[in-house]
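Novice:
Protein chains: 2
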Amino acid sequence: MSLFLQVVSVSKAVEELRNLAVRCGDEPVPLSDALHRILARDVHTDVDIPGFTRSVVDGYAVRATDTMGSSDAIPSILPLRGRVAMGKSDSNSLRPVECIYVPTGGILPDGADAVVMIEHAEQIGGEVLIKKPVAYGENVLFFNEDFSRGEPVVKCYKKLSAQDIGVLAAAGCRDVPVVQRPKIGILSTGNELVPVTVRPQAGQVRDVNSYVIAAAIRDWGCSPVFYGIIRDEREALSTVICKATAECDAVLISGGSSKDDRDMVAAIIAEHGTVLVHGIAIAPGKPTIIGQCNGKPVIGLPGHPASAFIVLIAIVHHLITAMTGETDSSMRTLQATLGQNVSSSKGREEYVRVAVKDGIATPLFGKSGLLNTLVRSTGVVRVPAESEGLETGTRVEVIVW
Amino acid sequence: MSLFLQVVSVSKAVEELRNLAVRCGDEPVPLSDALHRILARDVHTDVDIPGFTRSVVDGYAVRATDTMGSSDAIPSILPLRGRVAMGKSDSNSLRPVECIYVPTGGILPDGADAVVMIEHAEQIGGEVLIKKPVAYGENVLFFNEDFSRGEPVVKCYKKLSAQDIGVLAAAGCRDVPVVQRPKIGILSTGNELVPVTVRPQAGQVRDVNSYVIAAAIRDWGCSPVFYGIIRDEREALSTVICKATAECDAVLISGGSSKDDRDMVAAIIAEHGTVLVHGIAIAPGKPTIIGQCNGKPVIGLPGHPASAFIVLIAIVHHLITAMTGETDSSMRTLQATLGQNVSSSKGREEYVRVAVKDGIATPLFGKSGLLNTLVRSTGVVRVPAESEGLETGTRVEVIVW
Chain A
1 MSLFLQVVSV
11 SKAVEELRNL
21 AVRCGDEPVP
31 LSDALHRILA
41 RDVHTDVDIP
51 GFTRSVVDGY
61 AVRATDTMGS
71 SDAIPSILPL
81 RGRVAMGKSD
91 SNSLRPVECI
101 YVPTGGILPD
111 GADAVVMIEH
121 AEQIGGEVLI
131 KKPVAYGENV
141 LFFNEDFSRG
151 EPVVKCYKKL
161 SAQDIGVLAA
171 AGCRDVPVVQ
181 RPKIGILSTG
191 NELVPVTVRP
201 QAGQVRDVNS
211 YVIAAAIRDW
221 GCSPVFYGII
231 RDEREALSTV
241 ICKATAECDA
251 VLISGGSSKD
261 DRDMVAAIIA
271 EHGTVLVHGI
281 AIAPGKPTII
291 GQCNGKPVIG
301 LPGHPASAFI
311 VLIAIVHHLI
321 TAMTGETDSS
331 MRTLQATLGQ
341 NVSSSKGREE
351 YVRVAVKDGI
361 ATPLFGKSGL
371 LNTLVRSTGV
381 VRVPAESEGL
391 ETGTRVEVIV
401 W
Chain B
1001 MSLFLQVVSV
1011 SKAVEELRNL
1021 AVRCGDEPVP
1031 LSDALHRILA
1041 RDVHTDVDIP
1051 GFTRSVVDGY
1061 AVRATDTMGS
1071 SDAIPSILPL
1081 RGRVAMGKSD
1091 SNSLRPVECI
1101 YVPTGGILPD
1111 GADAVVMIEH
1121 AEQIGGEVLI
1131 KKPVAYGENV
1141 LFFNEDFSRG
1151 EPVVKCYKKL
1161 SAQDIGVLAA
1171 AGCRDVPVVQ
1181 RPKIGILSTG
1191 NELVPVTVRP
1201 QAGQVRDVNS
1211 YVIAAAIRDW
1221 GCSPVFYGII
1231 RDEREALSTV
1241 ICKATAECDA
1251 VLISGGSSKD
1261 DRDMVAAIIA
1271 EHGTVLVHGI
1281 AIAPGKPTII
1291 GQCNGKPVIG
1301 LPGHPASAFI
1311 VLIAIVHHLI
1321 TAMTGETDSS
1331 MRTLQATLGQ
1341 NVSSSKGREE
1351 YVRVAVKDGI
1361 ATPLFGKSGL
1371 LNTLVRSTGV
1381 VRVPAESEGL
1391 ETGTRVEVIV
1401 W
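In order, the protein sequences belong to chains A and B. Per the working numbering, the first sequence starts with residue 1, numbered consecutively. Per the working numbering, the second sequence starts with residue 1001, numbered consecutively.
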């Protein structure tokens, strides 16, 4: 039972796959562990930020109108009424035509509406010479100017950056509601495969895919679960696929690399569920299988690590973001100018590895099975299915890896 | 003792800081934990990759010359001599004018030099009709075409990507020599600070910086070590700075936000070591201190989270990369067109937060102390010290965060 001839477009394959995705649940994590996690709910601040009107410089709290026209030559002279201590609300109020010293972060005294930096003032005894005028609000952060109590500070489904963590801290969020990491089962099939620890004999190759796949999905916030190398035997493979789909949110099977092996993987998926796609109009990566077992998405990736990696980026990444709900999940890209012509077959989406230097993207031709082009390249350029190629000098978007 | 008036340039500050960096040692980690770690030594492959000449398609192994002139109308007819089994070296050699079936990944039989894809052939009984000629080497990966045994596959000081992990797997590297994570002590000073778990009273603010700093340096591969909030008391601060510099590879102190507090931090560093820089020509971030205690770099960051974050990116990041030796440590950037004029004071490097949309970088003006501009921005544009500003329409490089 080979469905391989019904090759579908990349967008159709992605659509089928996204439909299979089950949204992950959420869990609380301590704020210090929340970096790069995906926020599961809007977080609102429990306080006004700032909670009081404060100075952002070391200087003299004043009424701005009292500094009008001040200059080095003709400074305004204001009596110094006292000092604000850090972390304390001061009982002193500022009266017209006087000033109070306030450190950076200190509470602005009642009656003041601006701060003159110490660099622009000079204290002489009990008086301060103001040498530069300030405007209303200058060097001051007003009460709740940043966020009002109850306001959402970070929106749900955002992947949390260091700054987001800072805002969550300010908002009093000690346990952060985040989306659970998708648990992804990984297994490799193929009688030619040996573990990395074994020196391969003639005809054998090391199981590179388990490592590449695990690393890529970890980068995308998933937890890999390893099921090892399974020989191309129907019984063994069937047992492991059932176990993995029962235990994980999705399963990635890489290899069997030959048509017979792929057909076996497809047959096992069909036996326990449904095969939706067997063959995608993508190069490299055509012999990809998309199905469902135990209500979980199962993807059969090509055996070549280089091809498997393209399918991860072009197809599987969409599954992960559908599972987590991440907003702005687009991959990192850069703009470059194509340094050489790229030809492509109409009817399939082609991913060409390029090395980018000084804004020029040079295609790394060579056989798609070579690992060295993967590590020598900066990323890939996508040639759409309807295109017959791209000409030298075309501005391209490089998906960076 | 204030050295604050001797403000130094950003490049001078970075140079001083890099000179203080002590290179981290290295440690072995399992290959499956090596993603984003920095490789400490060149890794060489212990085998040829591939270890045998193999087919990259399902098809018929042939001598390319035997397929010359083949077409749908006039196929070449080759007797089928057998099948190659996956993972086994075949004893069959190919003789002229015959073919052997070989699955993807199978060993190419001796005597063959190319493979005809099954899509371009038709088996009829014991013979195969070849309908398309193949060139020498077509659909074949030759012995060690990817890497030769003993060849370096990944160079030292590279931050390992998923593809690098794959190549290390192929090379038989089960334990990866990586640079140890820099251990960075983090402490906050300021009598106005309260922990995130506490609701701040008038005059108090939550300790945002410990979280922002820890998240940023984690992103850069460091291990944060928290020393908490220390009140602005000389004895307490001195004790913690000594302890942190003894235990960590570098220490980041944020706040005290006022001039008096900064001077106290500088005085304590001077007492136990040296203050090299007190004041940098950068905005925001001027009141930054760089020194050394216990032979370890100590950096006094501004109290404002927004300013502290800029100093992390513009200054501290260089310290981290000097400690790890990471090559290609440049920050992620994107090109954009400035959507509004930006004015800047000559003589200081200015970092302007921008939001990038559709290739247009719009400066987020507003007070530098606001957290909301940090989370609303895509990144920052650097305005060099010698510039008085940038005009609308200028192509700018945005440091993305």
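Every residue gets a Cβ at the ideal spot worked out from N, C-alpha and C, and that includes glycine.
Roughly how many whole angstroms lie between the Cα atoms of ALA1355(B) and MET1086(B)?
Specialist: Position 355 of the second sequence, counted from the start, is the residue given in the question as residue 1355(B). Position 86 of the second sequence, counted from the start, is the residue given in the question as residue 1086(B). Roughly 54 angstroms between the two C-alpha positions.
Novice: Quick check: the stretch 300 to 319 of chain A against the stretch 203 to 212 of chain A, are at least 3 beta-carbon pairs closer than 8 angstroms?
Specialist: With a cut-off of 8 angstroms on Cβ pairs, the stretch 203 to 212 of chain A is in contact with the stretch 300 to 319 of chain A, counting three or more such pairs.
Novice: Thinking VAL1116(B) and TYR1157(B) are a contact (beta carbons under 8 angstroms), I'd like their distance in whole angstroms, please.
Specialist: In the second sequence, counting from the first residue as 1, residue 1116(B) sits at position 116. In the second sequence, counting from the first residue as 1, residue 1157(B) sits at position 157. Their Cβ separation, rounded to whole angstroms, is 45 angstroms, which puts VAL1116(B) and TYR1157(B) out of contact at 8 angstroms.
Novice: Identify which residue in GLY1379(B), ALA1336(B), LEU1374(B) has its Cα closest to the Cα of ALA170(A).
Specialist: In the first sequence, counting from the first residue as 1, residue 170(A) sits at position 170. Of the candidates GLY1379(B), ALA1336(B), LEU1374(B), the one whose C-alpha sits nearest the C-alpha of ALA170(A) is LEU1374(B).
Novice: Please classify VAL198(A) as buried or exposed, where buried requires at least 16 neighbouring CB atoms within 10 angstroms.
Specialist: Residue 198(A) sits at position 198 when you count from the first residue of the first sequence. Exposed, by the Cβ-count rule.
Novice: Here's the rule: buried if 16 or more other CB atoms are within 10 angstroms of the residue's CB, otherwise exposed. What is ASP358(A)?
Specialist: Counting from 1 along the first sequence, the entry for residue 358(A) is found at position 358. Exposed, by the Cβ-count rule.
Novice: Is there a C-beta anywhere in chain B that falls below 7 angstroms from the one on ALA135(A)?
Specialist: The residue you call residue 135(A) lines up with position 135 of the first sequence. Not an interface residue.
Novice: Closest Cβ-Cβ distance between GLU1192(B) and chain A: below 7 angstroms?
Specialist: Sequence index remark: in the second sequence, residue 1192(B) carries index 192 (1-based). Chain A contact via Cβ: present.
Novice: Check whether the Cβ atoms of GLY1178(B) and VAL1043(B) sit closer than 7 angstroms, and answer yes or no.
Specialist: What you label residue 1178(B) is simply residue 178 of the second sequence in a count that begins at 1. What you label residue 1043(B) is simply residue 43 of the second sequence in a count that begins at 1. One detail in the question is off: residue 1178(B) reads as Val in this sequence, not Gly. No, Cβ-Cβ distance for VAL1178(B) and VAL1043(B) is not below 7 angstroms.
Novice: Please decide whether VAL56(A) counts as near chain B, where near means a Cβ-Cβ distance under 7 angstroms.
Specialist: One-based indexing of the first sequence puts residue 56(A) at position 56. Against chain B, the CB of VAL56(A) has a partner CB under 7 angstroms away; the residue lies at that interface.
Novice: Kindly indicate which residue of MET1323(B), ARG1353(B), VAL1396(B) has the alpha-carbon position closest to the one of VAL1014(B).
Specialist: Here residue 1014(B) refers to the residue found at position 14 when the second sequence is read from its first residue. Per the Cα distances, MET1323(B).
Novice: Measure from the C-beta of PRO284(A) to each C-beta in chain B and report whether the shortest distance is under 7 angstroms.
Specialist: Numbered from its first residue, the first sequence carries residue 284(A) at position 284. No, PRO284(A) lies away from the interface with chain B (no Cβ there is under 7 angstroms from its Cβ).
Novice: Is the beta carbon of ILE1282(B) less than 7 angstroms from the beta carbon of VAL1010(B)?
Specialist: Counting from one through the second sequence, the residue named residue 1282(B) turns up at place 282. Counting from one through the second sequence, the residue named residue 1010(B) turns up at place 10. Contact: yes.
Novice: Any residues in the stretch 158 to 170 of chain A with a beta carbon nearer than 7 angstroms to a beta carbon of chain B? Which ones, in chain order?
Specialist: SER161, ALA162, GLN163, ASP164, ILE165, GLY166, VAL167, ALA169, ALA170
Novice: Between which two residues does the beta strand (DSSP E) carrying TYR1101(B) extend?
Specialist: Position 101 of the second sequence holds residue 1101(B). Looking at the DSSP string, the run of the beta strand (DSSP E) that includes TYR1101(B) is 1099 to 1102.
Novice: For the stretch 1109 to 1122 of chain B, list every residue whose C-beta sits within 8 angstroms of some C-beta in chain A, in sequence order.
Specialist: ILE1118
Novice: Which stretch, first to last residue, makes up the beta strand (DSSP E) that contains VAL1178(B)?
Specialist: Working through the second sequence from its first residue, we reach residue 1178(B) at position 178. Looking at the DSSP string, the run of the beta strand (DSSP E) that includes VAL1178(B) is 1175 to 1179.
Novice: Hey, is TYR211(A)'s beta-carbon within less than 7 angstroms of any beta-carbon in chain B?
Specialist: The sequence position of residue 211(A) within the first sequence is 211, counting from 1. Chain B, which has a Cβ nearer than 7 angstroms to the Cβ of TYR211(A), makes this yes.
Novice: Can you say whether ASN1372(B) is buried or exposed, counting buried as having 16 or more other CB atoms within 10 angstroms of its CB?
Specialist: Sequence index remark: in the second sequence, residue 1372(B) carries index 372 (1-based). Counting Cβ neighbours within 10 Å, ASN1372(B) comes out buried, since at least 16 surround it.
Novice: For CYS222(A), name the three-state secondary structure that DSSP assigns.
Specialist: For the purposes of this step, residue 222(A) is taken as the residue at position 222 of the first sequence. Note: CYS222(A) maps to coil in three-state DSSP.
Novice: Taking only the alpha-carbon atoms, compute the straight-line gap between GLU1349(B) and HIS120(A) and give it to the nearest angstrom.
Specialist: Taking the second sequence and counting its residues from 1, one reaches residue 1349(B) at position 349. Taking the first sequence and counting its residues from 1, one reaches residue 120(A) at position 120. If you take the alpha carbons of GLU1349(B) and HIS120(A), they lie about 21 angstroms apart.
Novice: Measure from the C-beta of PRO1096(B) to each C-beta in chain A and report whether the shortest distance is under 7 angstroms.
Specialist: Position 96 of the second sequence, counted from the first residue, corresponds to residue 1096(B). So no, PRO1096(B) is outside the interface.
Novice: Mind checking whether PRO1224(B) and ILE1217(B) have CB atoms under 7 angstroms apart?
Specialist: The count along the second sequence starts at 1 and reaches residue 1224(B) at position 224. The count along the second sequence starts at 1 and reaches residue 1217(B) at position 217. Taking a C-beta distance under 7 angstroms as the contact criterion, PRO1224(B) and ILE1217(B) qualify as a contact pair.
Novice: Is the distance from the Cβ of SER1329(B) to the Cβ of ASP58(A) below 7 angstroms?
Specialist: Position 329 of the second sequence, counted from the start, is the residue given in the question as residue 1329(B). Position 58 of the first sequence, counted from the start, is the residue given in the question as residue 58(A). Cβ distance not < 7 angstroms, so SER1329(B) and ASP58(A) don't count as in contact.
Novice: Quick one: is PHE147(A) buried, meaning 16 or more other Cβ sit within 10 Å of its Cβ, or exposed?
Specialist: Residue 147(A) sits at position 147 when you count from the first residue of the first sequence. PHE147(A) comes out buried.
Novice: Report the neighbours of ASN1372(B) on chain A: residues whose CB is nearer than 7 angstroms to its CB, in chain order.
Specialist: The sequence position of residue 1372(B) within the second sequence is 372, counting from 1. Per Cβ cutoff of 7 angstroms: ASP146, PHE147.
Novice: Who are the neighbours of ARG218(A) on chain B, taking C-beta pairs under 7 angstroms?
Specialist: Reading the first sequence from its first residue, position 218 is the one you call residue 218(A). Those within 7 angstroms of ARG218(A) in chain B are LEU1035.
Novice: If we ignore side chains and look at the alpha-carbon of each, how far apart do MET1001(B) and GLY1255(B) end up?
Specialist: Counting from 1 along the second sequence, the entry for residue 1001(B) is found at position 1. Counting from 1 along the second sequence, the entry for residue 1255(B) is found at position 255. Residue placement at MET1001(B) cannot be trusted, given a pLDDT of 41 that sits under 50; what the coordinates show is reported in the next sentence. Going by the C-alpha atoms only, they are around 17 angstroms apart.
Novice: Could you check the C-alpha separation between TYR227(A) and ARG1353(B) for me, to the nearest Å?
Specialist: Indexing the first sequence from 1 puts residue 227(A) at position 227. Indexing the second sequence from 1 puts residue 1353(B) at position 353. Approximately 46 angstroms between the Cα atoms of the pair.
Novice: How is the alpha helix (DSSP H) around ILE312(A) delimited, first residue to last?
Specialist: Translated into the one-based positions of the first sequence, residue 312(A) becomes position 312. In the sequence as displayed, the identity of residue 312(A) is Leu instead of Ile. Counting along the chain, LEU312(A) falls outside any alpha helix (DSSP H), and DSSP gives it neither H nor E.
Novice: Are the stretch 1199 to 1207 of chain B and the stretch 1069 to 1084 of chain B touching, with three or more C-beta to C-beta distances below 8 angstroms?
Specialist: no
Novice: Is any beta-carbon of chain A found at less than 7 angstroms from that of MET1331(B)?
Specialist: Within the second sequence, numbered from 1, the residue matching residue 1331(B) stands at position 331. Not closer than 7 angstroms to any Cβ of chain A, the Cβ of MET1331(B) fails to qualify, so no.
Novice: Tell me, please, whether the CB atom of PHE1052(B) is closer than 7 angstroms to any CB atom in chain A?
Specialist: Taking the first residue of the second sequence as position 1, residue 1052(B) is located at position 52. It does; some Cβ of chain A falls within 7 angstroms.
Novice: Of all Cβ atoms in chain B, is any one closer than 7 angstroms to the Cβ of PRO28(A)?
Specialist: By 1-based counting over the first sequence, the position of residue 28(A) is 28. Closer than 7 angstroms: no.
Novice: Got a sec, what are the start and stop residues for the beta strand (DSSP E) THR1292(B) sits in?
Specialist: For the purposes of this step, residue 1292(B) is identified with residue 292 of the second sequence, where counting begins at 1. Note that residue 1292(B) corresponds to Gln in the displayed sequence, not to Thr. Its beta strand (DSSP E) spans residues 1289 to 1293.
Novice: Kindly indicate if chain B contains any beta-carbon less than 7 angstroms away from that of ALA64(A).
Specialist: Position 64 of the first sequence, counted from the first residue, corresponds to residue 64(A). It does not; no Cβ of chain B falls within 7 angstroms.
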